[in-house]
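Reviewing the structure listed below.
Numbering (UniProt numbering), first residue to last: 1 to 471.
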């Protein structure tokens, strides 16, 4: 019994437009990183830096620690990166360094990223001439600060004999000194001992950060001349902790933000890490196939490169993709001995082999060099040899042995042993053809030996070739 049906007898398909897909893939994500400046100031060295890349790595920046403050001395200037100098010469606290990082990053024109930090209300207190400050409670100079911890007031004490003026809230005595700078330092030490505040000092200026609550009642003083108090607004001044968040505005993958070693040590205490890895949105499509109305309604395939003969295949990550049928496995070679006849010495035991030297003629994939072929990738290969033995005297007897040899394993892929013709003066040929599975990086060569009792010659008409059949 036989079956003789055409496909059209049992199956009918009519193409009407598009074979569609509906998914558009996951959305785009911007890369986010954090820089933790906790403990940085104590470990700073002039010229230390870290690297920051914008979205899609179009521009790279290096943020370097300028402890001198001139934007020149110690600049590491790594090649290919744009400078952002961080003026940390006046930074007396880690949170002031974090604030400097934020302000410098956000000042870069056209940068593809922004930096933020949890900034609260910040107050600056400038100490004038301490000799004009009144001591004691009748009347007294004092400063009041408010935050989530409540009202705190600070008054001046000379040798511990002065009385708290008690304007309200909890009182704290600050040791009085004739030097404005020393008084500022004493003021800072006293404030830092109170929950909810953090300070830094530059000569006679104390910067006070309220770290509890987003907004507080303005600080006040009873002596506006010698104790100049200025409250800055949210978003200006020091961050409340040392953590800076850096966000790429554009979505897409970026090279990880990183600490960089270069010629100096990296910023050892600045912990810079990517917290959210950026990615592009998956491409959306209307179908795997579509009808091109502008080209005679030809059926076309989405995503195909403009090359003839591409096939749908999978990558090593099991992703469907269009590729050349041979992919990256294109490899073929042919070599000959034109003008390179080679003398082969006698070996009675036929155990000493000589590797044949060749002229390279074809080398697709550049895997043939120095008379041998190095397998570029594991697969099934076809190798062939045409070897010409040239004899000149009728006394030449014995065997001629030719082999295709894997010299790496080692293993012989194919060997031929033959005796000379009855007319010893006539050249004769050995032909070897083989198919073999060989692994990447293994070396294949042609080797010969003979025991004719005299030297023999491999003729100029010999050739060696090979190519991959399939990976």
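We put the CB at the ideal spot given by N, CA and C, even for glycine.
For clarity, every value in this text was computed on a predicted model and none was experimentally measured.
Determine the closest residue to residue i out of the options, with distance taken between C-alpha atoms.
i           : options            : result
residue 387 : 456, 370, 442, 365 : 456
residue 419 : 377, 370, 371, 429 : 429
residue 51  : 364, 151, 81, 38   : 81
residue 433 : 441, 415, 443      : 415
residue 359 : 341, 351, 375, 353 : 341
residue 47  : 75, 167, 151       : 75
residue 60  : 446, 108, 125, 389 : 108
residue 465 : 69, 369, 350       : 369
residue 372 : 330, 192, 404, 28  : 404
residue 68  : 105, 78, 89        : 89
residue 352 : 191, 447, 164      : 447
residue 335 : 357, 348, 349, 350 : 357
residue 180 : 202, 209, 167      : 202
residue 122 : 66, 209, 177, 184  : 209
residue 157 : 168, 459, 462, 187 : 187
residue 191 : 242, 152, 409, 166 : 152
residue 127 : 171, 176, 110      : 176
residue 132 : 98, 183, 172       : 183
residue 41  : 29, 31, 65         : 65
residue 407 : 459, 354, 398      : 354
residue 169 : 70, 189, 143       : 143
residue 361 : 390, 197, 463      : 463
residue 125 : 72, 28, 205        : 205
residue 31  : 45, 53, 49         : 53
residue 49  : 29, 71, 28         : 71
Go through its chain and collect everything with a Cβ distance to residue i's Cβ below 7 Å, but skip five positions before and after it.
i           : result
residue 343 : 455, 457
residue 33  : 246, 257, 272, 273, 274, 275
residue 346 : 450, 451, 452, 453, 454, 455
residue 331 : 364, 365, 367, 376, 467, 468
residue 461 : 388
residue 338 : 359, 460
For the alpha helix (DSSP H) containing residue i, list its first residue and its last residue.
i           : result
residue 180 : 180 to 192
residue 390 : Counting along the chain, residue 390 falls outside any alpha helix (DSSP H), though it belongs to the beta strand (DSSP E) covering 379 to 390.
residue 200 : Careful: residue 200 lies outside any alpha helix (DSSP H), inside the beta strand (DSSP E) at 197 to 202.
Leaving out five residues before and five after residue i in sequence, what residues of the same chain have Cβ atoms less than 6 Å from its Cβ?
i           : result
residue 439 : 378
residue 363 : 333
residue 435 : 382
residue 77  : none
residue 130 : 178, 180, 183
residue 194 : 152
Count the other CB atoms within 10 Å of the CB of residue i; is the residue buried (16 or more) or exposed (fewer)?
i           : result
residue 400 : buried
residue 385 : buried
residue 155 : buried
residue 249 : exposed
residue 468 : buried
residue 417 : exposed
residue 349 : exposed
residue 471 : exposed
residue 117 : buried
residue 112 : buried
residue 431 : exposed
residue 165 : buried
Looking only at its own chain, which residues have a Cβ that is under 8 Å from the Cβ of residue i, when we skip the five neighbours before and after it?
i           : result
residue 101 : 35, 37, 63, 86, 115, 244
residue 375 : 367, 381, 438, 439, 440, 441, 442, 443, 444
What first and last residue would you give for the beta strand (DSSP E) that runs through residue i?
i           : result
residue 437 : 428 to 438
residue 466 : 463 to 470
residue 442 : Residue 442 -> no beta strand (DSSP E), and no H or E assigned at all.
residue 414 : 411 to 419
residue 408 : It is not in any beta strand (DSSP E) - residue 408 carries neither H nor E in the DSSP assignment.
residue 33  : 32 to 36
residue 171 : 170 to 175
Any beta strand (DSSP E) of 3 or more consecutive residues that is wholly inside the region 332 to 375 = 332 to 336, 342 to 344, 359 to 364, 372 to 374
What are the start and end residues of each continuous beta strand (DSSP E) run of 3 or more residues lying completely inside the region 47 to 117, in chain order?
-> 49 to 53, 60 to 66, 82 to 87, 113 to 116
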